[in-house]
Structures are given as C-alpha cells and as structure tokens.
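Chains as they are written, first to last, in this note's numbering: chain X, 1011 to 1169; chain D, 1011 to 1169.
Right, one structure below, let's go through it.
Number of protein chains: 2
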Amino acid sequence: MSALPLDPTEHRSGPLLDHLARRMRLRAESVLAPLGLRPRHLVALTVLRAGGGTSQQALATTLEMDSTNIVGLLNDLEARDLVERRRSPQDRRRHVVELTEDGAKRLNEAECALASAEDEVLGALEPAERETLYELLRRAATTTPISCGEALIGEPDAC
Amino acid sequence: MSALPLDPTEHRSGPLLDHLARRMRLRAESVLAPLGLRPRHLVALTVLRAGGGTSQQALATTLEMDSTNIVGLLNDLEARDLVERRRSPQDRRRHVVELTEDGAKRLNEAECALASAEDEVLGALEPAERETLYELLRRAATTTPISCGEALIGEPDAC
DNA sequence: AGGATCGTCTGTGTAGCGCCAACTATTTAT
DNA sequence: ATAAATAGTTGGCGCTACACAGACGATCCT
C-alpha cells in the first residue's frame, strides 16, 4: 500500500504475551512453591497492592474471573494472613479486601524470588529494557479496571 | 539502602504478564472463534513464523509443552493446512514443521482480528508505546529458544 | 414488605496439560 | 549385525483452573 516502512505487518503482542507469560509461570511455579504461593495468588496480590481496598466483585471484574472462584482464592490468601476481609461500613454486604502488612512483605519476598525466573525468560533484554517493559505492563494493567465508581471504595474523590 | 530513587521495590513483570495475558486471551478467544483458532494455536503459529522450520521436539522445548500435546496441537493446525509436516531428509525420524502460505495468511488475518482485543487491553498505551512493548516482547521471545544446534535444522552455519 | 445485590457454599462440567506406557520408524553406537 | 537411543504417535490417567448454575443468609433500597 504505502512506501513507508512503518507497518509492514500487523504487530499483535497478544500471542507473545501469552507465550512469555507461560514461560514465566512455569518457572514461577517452582520458585514460589516453597513460599506456599501459586502464580495466580501473586496476580491477585499485585492487583490488590495496586488497587487498594476493593470489593470482591470489583476484584472479580479486574481479574476477569467468576466471583465464586474469587472466594476460594481469597480464602487461600486470608488463611495465610496475606489479605484481610473487612465489611464495608458504607455497605455491610460488601467485603473490602485489602493487603495486610504480611501480605505486602510476602509479595515483596516473592518478587525477589522471581528474579531468577525473570532472568531466564527476559534474558535477552537489558536491565533498562526490562524496566521499560515493566513500566508499560504496569500502566496497561492499571487501566481503571472497573467503571471507577465501584472500584475505588475508599477514595470517592479520585474520580 | 541508597538515596537514589532507582529501585525502591522489586519490579517483577511476571504477575503483570500473567494478568495481561489472561485479559488478552479471554478477548482473543471470542474474536478468534470465527476463524477456527484458539489463542494457543496463535502462539504456535507465531513461534513457527519466527523460527522457521523446526522439529516437533524443538517446538515442544520452545513452547515448553509436553511433546505428546504438541502432536494434537499440530494435528489441528495441519488439518486446516496452516502448517506442514515434512520428514527431514537428514534425519527421517524427524518432522520438520513449517508454516504454509495459508498459515501465514491466516495468522495475519488473526492478528488483524486481534486489534480490537488489543485496543481494549492495552488501551492505556499510545501506539508508539505499544510498538515498543511489542518489540520488547518479540525480542524476549526470540531468545535462542533451544540450544541452537538442534533448533536450526536448515541453517547449520548460523552458529 | 418486596426486590435487588454481595458474598458464600456446593456441585457439575469442561479444557488444558503433565505424565506414563507402549509401539513404529529410524539413526547411532558397539 | 545387533543393540541402544531418538522422533513421533497413540491412549489413558489425573490434576488444576475455571465457568456456570442453584440455593442460601445478610443487607440495602424502595
């Protein structure tokens, strides 16, 4: 079509994302096992750290998982005191899920433990590039996960 | 430790990768259905396009999947003429797996179809940033997947 | 009081995938 | 030439992650 060498073919990162996530997850699984965590738990913890206190269904929306399965996931995390369920004062049906201090600490430990896995999978990238990658992923993941009004329970001013 | 604001906390992209891959995969699933493809097929096709002719076990190593499951995956793709299994002349036990023209075309179509999914998931990133992301992912995924000697069947000089 | 909503529990079904075992065709080593 | 290793295939078993549906109590909104 055009003489410009701008976009010769469609560049979709979906499959690459999938591929790398799998490679990472396989390594993470074994590295995380001694900590009693699975990759899936880390995703939840990461989202919770980023999102502050959210209701369970908000979490379900963010993680795009069925809410019934969120229950089990949170049970795991709460049993290990990594996460806390408090009833919302505004709406006592709701559980406000929040990372505990232990949770934040454990998440940090896990992230340290993941370094080796990341070294293997992202070995082709230099440190600066990895940081760029991280920043892009983080920003993409922090895309006002839910309609904003329901997600931010504690900060009604943010919107 | 240091006063520099360089690395206050560990930055692991593993969980983010996992999260975004999931979000992408869910959308891809429905978008790809009319094309008779699943996300997993796209990963394989993408790897094949990047890697040229590889043996099945090389593919298994790259995708980090059990080789018995590779068989079924390739059966799917070959049944749709997206992929071709030829016996290697050098070692007639081997199947050299290669993308057909139809396969390349179909992969391109699929990538176009994925645009909407990507728009939703990577909506927070500008086009230039998405391209950067793609490039980083692509390079990370192209990390001499196998020990190099076994992977490159057709090009024995490359190493 | 009545209806909707949030979370929980239970159960069912399915898909992805690892693992084991057996078998064939072929290559390599002895 | 015979034995051992390797590539692919098939079949089966089992586990895990999930989605989905139904029922229930607690709570909110009218």
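The C-beta atom is built at its ideal place from N, Cα and C for all residues, glycine as well.
Contact residues within the stretch 1025–1036 of chain X, judged by C-beta distance below 7 Å to chain D: Flagged, chain order: P1025, L1026, L1027, D1028, H1029, L1030, A1031, R1032, R1033, M1034, R1035 and L1036.
Selection of the stretch 1067–1083 of chain D by Cβ proximity to chain X, strictly under 9 Å: For the stretch 1067–1083 of chain D, the residues whose beta carbon sits under 9 Å from a beta carbon of chain X are, in order, T1072, L1073, E1074 and M1075.
Local conformation of R1048 of chain D per DSSP, three classes: Three-state result, R1048 of chain D: coil.
Spatial distance of D1048 of chain X from E1039 of chain X (CA atoms): A quick correction: the sequence has Arg, not Asp, at residue 1048 of chain X. When only Cα atoms are considered, R1048 of chain X and E1039 of chain X end up about 6 Å apart.
Rounded straight-line distance, which links the Cα of A1151 of chain D to that of L1045 of chain X: Using only the alpha carbons, I get a separation of about 28 Å.
Span separating the alpha-carbon of R1050 of chain X from that of R1032 of chain D: Cα-Cα distance, rounded: 11 Å.
Expected contact under 8 Å - CB spacing of T1110 of chain D and E1094 of chain D to nearest Å: Confirmed, about 5 Å.
Assigned exposure category for E1136 of chain D - 16 Cβ within 10 Å defines buried: Counting the other CB atoms within 10 Å of its CB gives E1136 of chain D a total below 16, which places it among the exposed residues.
3 or more residues per run - each beta strand (DSSP E) lying fully within the stretch 1078–1153 of chain X: With a minimum length of 3 residues, the continuous beta strand (DSSP E) runs that stay inside the stretch 1078–1153 of chain X are 1093–1097 and 1105–1109.
contact_flag[the stretch 1137–1146 of chain D, the stretch 1107–1122 of chain X] where n(CB pairs < 8 Å) is 3 or more: The stretch 1137–1146 of chain D, when compared against the stretch 1107–1122 of chain X, does not touch it at the 8 Å Cβ threshold.
Bridge partners - S1065 of chain X, DSSP secondary structure assignment: S1065 of chain X is bridged to X:V1106.
R1059 of chain D in three-state terms, based on DSSP: Here R1059 of chain D carries a helix assignment [DSSP, helix/strand/coil].
Contact belief for G1024 of chain X with M1034 of chain D at Cβ below 8 Å, rounded distance in angstroms: The distance from the Cβ of G1024 of chain X to that of M1034 of chain D is about 5 Å, consistent with a contact at the 8 Å cut-off.
H1021 of chain D versus E1130 of chain D - alpha carbon distance: Each residue's Cα considered, the two are about 24 Å apart.
Partner residues on chain D for G1046 of chain X, Cβ-Cβ distance less than 7 Å: Correct list: empty, because the minimum Cβ distance to chain D is about 16 Å.
Length of the line joining the Cα atoms of T1056 of chain X and R1148 of chain X: Going by the C-alpha atoms only, they are around 10 Å apart.
Distance between L1092 of chain D and D1086 of chain D (C-alpha atoms, nearest Å): The alpha-carbon of D1086 of chain D is positioned some 9 Å away from that of L1092 of chain D.
Test item: CB-CB of L1058 of chain D and E1128 of chain D under 8 Å: Cβ distance not < 8 Å, so L1058 of chain D and E1128 of chain D don't count as in contact.
Alpha carbon of R1102 of chain X to alpha carbon of D1112 of chain D, nearest angstrom: Using only the alpha carbons, I get a separation of about 57 Å.
Members of the stretch 1132–1148 of chain D that neighbour chain X once the beta carbon cut-off is set at 9 Å: Of all residues in the stretch 1132–1148 of chain D, those with a C-beta nearer than 9 Å to a C-beta of chain X are L1132, G1133, A1134, L1135, E1139, R1140, E1141, T1142, L1143, Y1144, E1145, L1146, L1147 and R1148, reading in chain order.
Euclidean distance between Cα positions of E1160 of chain X and L1143 of chain D: Caution applies to E1160 of chain X, whose pLDDT of 38 falls short of 50 and renders its modelled position unreliable; the value that the coordinates give is listed next. E1160 of chain X and L1143 of chain D: Cα-Cα distance of roughly 30 Å.
Supposed contact pair L1042 of chain D and A1123 of chain D - C-beta distance, whole angstroms, cut 8 Å: The pair is a contact, with the Cβ atoms about 7 Å apart (cut-off 8 Å).
Cut-off 8 Å between Cβ atoms - residues of its own chain near S1098 of chain X, not counting five sequence neighbours on either side: S1065, R1104, H1105, V1106 and I1163, listed in sequence order.
Interface flag, P1099 of chain D vs chain X, CB-CB below 8 Å: With 8 Å as the cut-off, P1099 of chain D does not count as an interface residue toward chain X.
From D:E1145, D:D1076 and D:S1126, residue whose alpha carbon lies closest to that of L1036 of chain X: Closest option to L1036 of chain X, judged by alpha-carbon separation, among D:E1145, D:D1076 and D:S1126: D:D1076.
Assigned exposure category for A1089 of chain D - 16 Cβ within 10 Å defines buried: Per the 10 Å Cβ criterion, exposed.
Alpha carbon of S1012 of chain D to alpha carbon of L1027 of chain D, nearest angstrom: Its pLDDT being 46, under 50, S1012 of chain D is placed unreliably in this model, and the value from its coordinates should be taken loosely. Each residue's Cα considered, the two are about 29 Å apart.
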